[in-house]
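Under the working numbering, think of the first position of the sequence shown as 35, with each following residue one higher. Cβ atoms here follow ideal geometry from the backbone N, Cα and C, with glycine treated the same way. Since the model is a prediction, treat every value here as computed from it, not as a measurement. Okay, structure first, notes after.
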Amino acid sequence: QVQLVESGGGLVQAGGSLRLSCLVSGSSVRANAFGWYRQGPGKQRELVARISVSGSLSYLDSVKGRFTISRDNLKNAIYLEMNNLKPEDTAVYSCYVERGVGYWGQGTQVTVSS
């Protein structure tokens with residue numbers, strides 16, 4: 035059974051940084067593509083960053099240069115480093131694995147104050 039557990043969210047002032055973690059069990063981070071999604075208040079869920087099996091990275095235009103997705107094969111985890119955070123980054127951030135029907139974590143709240 036695939037399980038994704040996110041952590042690292044919180045309240046931060048604009049300009050600050052956070053690092054989100056997604057601990058994965060039941061699936062290897064090397065064998066599947068993973069993505070970080072977010073859903074802000076009153077907004078649709080959007081793909082923020084994605085890492086492919088080959089390690090190719092892609093980002094939402096509004097976070098390019100500020101966010102970095104990475105994986106740790108030994109820890110079997112996916113990370114999202116977020117710098118220069120803005121109030122519009124406020125959302126619930128969720129980890130997703132592109133395997134079978136797809137699996138989601140429970141999400142972690144990120145709140146950026148102005």
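Self-check item: Collapsed DSSP secondary structure at Val97 in the structure displayed
Solution: helix
Quiz item: Would you report the Cα separation of Leu94 and Gln37, rounded to the nearest angstrom?
Solution: 25 Å
Quiz item: What number of angstroms, rounded off, separates the C-alpha of Ser62 from the C-alpha of Gly76?
Solution: 33 Å
Quiz item: What residues in its chain sit with their C-beta under 8 Å from that of Tyr137, if we drop five residues either side in the sequence?
Solution: Val36, Gln37, Leu38, Ser61, Tyr130 and Val131
Exercise. Rounded to whole angstroms, what's the CA-CA distance from Arg84 to Leu45? Just pull it up for me.
Key: Cα-Cα distance, rounded: 24 Å.
Quiz item: I think Ser147 touches Gln47, with their Cβ atoms under 8 Å apart; what is that distance to the nearest whole Å?
Solution: 5 Å
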